[in-house]
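Have a look at the structure below before the remarks.
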Amino acid sequence: MNQPVNPADIHKAIVEQQKIQDRKKLMVNGVLLLLLLAAPFVMYPVFLMKILCFALFAVAFNLLFGFTGLLSFGHAAFLATGGYTTGYLLSHFSGLTTEMGIIAGTAMATLLGLAFALLSIRRQGIYFAMVTLALAQLVFFFFVQSEFTGGEDGMHGIPRGELFGLINLEDNLNMYYFVLVVFIACYLLVQRIVSSPYGQILKAIKQNEPRAVSLGYNVDRYKVLAFVISAALAGLAGSMKSVVFQLASLNDAHWHMSGEVILMTLVGGMGTLLGPVVGATFVVNIEYLLSQGPLRDWVDPILGGTFVLTVLAFRSGIVGEIQKFIKKNLG
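Using my numbering, the first residue of the sequence shown is number 1, and each one after it goes up by one.
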């Protein structure tokens with residue numbers, strides 16, 4: 001006769017498996033951290049900072065799309081709002097510290113994200129995507145017409161200043177490590193959100209929203225909060241980017257940028273923590289390499305082809321496909 005299954009043994013096995021997964025995750029994160037710390041001594045720090053800013057942008061978008069199932073075509077609005085706000089404040093108020101300018105840009109993007117969420121969150125699927133796109137276009141035209149943004153010329157000469165009045169951010173190495181610390185903090189925040197009970201509810205909403213409603217969850221409230229957090233992190237990415245390049249331009253507000261962050265997330269691996277980082281690294285490097293060669297006029301078509309190939313053949317993205325291979329072949 002079969003022996004009865006002991007619930008305590010099942011619980012113990014689950015806990016042990018979770019510990020193994022946590023150790024593997026810690027090892028991967030540790031290796032990546034060491035690589036990031038050493039990277040500016042091997043590669044140009046400004047290029048690395050560009051990757052980190054876009055990686056943060058993609059991580060923010062993935063929280064909404066990959067874990068909540070909400071496809072926003074308007075995230076460029078938050079990136080640009082953070083950048084323009086920070087750039088304007090740092091350029092016109094000499095006594096304002098860099099960190100306060102970045103916080104102000106993030107706060108403005110957060111408020112804009114709340115407005116977007118309240119206007120669009122009750123829509124589903126393509127209707128939600130179209131509403132966010134329409135709202136983002138309104139923001140784009142506002143930036144085009146506003147004098148403080150410099151219009152099509154953009155906002156130039158944004159000072160980097162000093163961090164806490166002590167660390168000179170004009171030095172690229174100092175600036176890189178500041179951006180790296182911000183990126184790691186935000187990445188760990190998203191990791192914590194995803195693994196929390198709140199994150200589990202977001203996943204449940206993505207998988208089956210009617211069932212989540214039937215269980216008594218106020219799904220609109222959860223989605224609004226996810227949207228606002230995502231907008232805040234996107235705004236932070238824009239604020240950091242404007243300080244790094246000392247520039248804020250309309251490119252960050254254009255709908256093309258919203259499409260680019262979707263590409264980064266899908267190529268890297270939607271619904272994975274590391275996927276958006278890998279996707280952003282891949283897209284930024286591809287754009288750079290192509291722009292330096294004879295195919296510089298074909299950057300957009302090649303990225304479009306990459307998007308189509310990913311959707312048709314590699315729907316799990318780079319990280320997702322690697323995880324599936326490891327699970328299938330190595331257990």
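Just so you know, even glycine gets a beta-carbon here, dropped at the ideal spot from N, CA and C. Being a predicted model, the structure only gives us computed values, none of them experimental.
I think residue i touches residue j, with their Cβ atoms under 8 Å apart; what is that distance to the nearest whole Å?
{"i": "alanine 234", "j": "histidine 75", "result": "5 Å"}
{"i": "leucine 70", "j": "lysine 223", "result": "6 Å"}
{"i": "valine 277", "j": "alanine 55", "result": "4 Å"}
Select from the options the residue whose C-alpha is nearest the C-alpha of residue i.
{"i": "glycine 161", "options": "Glu99, Glu209, Pro210 and Leu138", "result": "Glu99"}
{"i": "valine 139", "options": "Asn251, Lys25 and Trp298", "result": "Asn251"}
{"i": "glycine 101", "options": "Ile262, Leu312 and Ala237", "result": "Ala237"}
{"i": "serine 364", "options": "Glu287, Asn29, Phe142 and Met130", "result": "Summary: the structure shown does not reach residue 364, with the chain confined to residues 1 through 331, and so no result is reported for it."}
{"i": "glycine 269", "options": "Phe282, Asp297, Ala232 and Gly320", "result": "Gly320"}
{"i": "leucine 188", "options": "Thr81, Leu26, Thr110 and Gln207", "result": "Leu26"}
{"i": "valine 46", "options": "Lys241, Val277, Val278 and Leu114", "result": "Lys241"}
{"i": "leucine 166", "options": "Gln207, Gly157, Phe178 and Cys53", "result": "Phe178"}
{"i": "phenylalanine 57", "options": "Val182, Gly125 and Leu295", "result": "Val182"}
{"i": "leucine 180", "options": "Phe282, Val219, Ala134 and Leu32", "result": "Leu32"}
{"i": "leucine 114", "options": "Asn172, Arg221, Glu170 and Tyr198", "result": "Arg221"}
{"i": "alanine 77", "options": "Arg123, His256 and Thr272", "result": "His256"}
{"i": "asparagine 29", "options": "Arg296, Gln191, Phe314 and Ala60", "result": "Gln191"}
{"i": "alanine 253", "options": "Ser120, Asp171, Leu48 and Glu152", "result": "Glu152"}
{"i": "phenylalanine 93", "options": "Ile158, Arg23, Leu312 and Arg122", "result": "Ile158"}
Around the Cβ of residue i, are there at least 16 other Cβ atoms within 10 angstroms (buried) or fewer (exposed)?
{"i": "leucine 63", "result": "buried"}
{"i": "glutamate 260", "result": "buried"}
{"i": "serine 258", "result": "buried"}
{"i": "methionine 1", "result": "Below a pLDDT of 50, predicted positions are generally treated as unreliable, and methionine 1, at 45, falls in that range; no measurement from the model is reported."}
{"i": "valine 284", "result": "buried"}
{"i": "serine 230", "result": "buried"}
{"i": "methionine 175", "result": "buried"}
{"i": "tyrosine 44", "result": "exposed"}
{"i": "isoleucine 20", "result": "exposed"}
{"i": "glycine 216", "result": "exposed"}
{"i": "phenylalanine 73", "result": "buried"}
{"i": "alanine 313", "result": "exposed"}
{"i": "serine 291", "result": "exposed"}
Tell me whether the beta-carbon of residue i lies closer than 7 Å to the beta-carbon of residue j.
{"i": "glycine 317", "j": "valine 244", "result": "no"}
{"i": "leucine 263", "j": "phenylalanine 307", "result": "yes"}
{"i": "methionine 108", "j": "threonine 81", "result": "yes"}
{"i": "histidine 156", "j": "leucine 96", "result": "no"}
{"i": "valine 219", "j": "valine 228", "result": "no"}
{"i": "glycine 271", "j": "glycine 66", "result": "yes"}
{"i": "phenylalanine 128", "j": "tyrosine 88", "result": "no"}
{"i": "alanine 232", "j": "threonine 68", "result": "no"}
For residue i, write down the residues that DSSP places opposite it in a beta bridge.
{"i": "histidine 156", "result": "Leu247"}
{"i": "leucine 163", "result": "Ile167"}
Can you check whether the C-beta of residue i is within less than 7 Å of a C-beta belonging to chain C?
{"i": "serine 72", "result": "No chain C is part of this structure, which consists of one protein chain only."}
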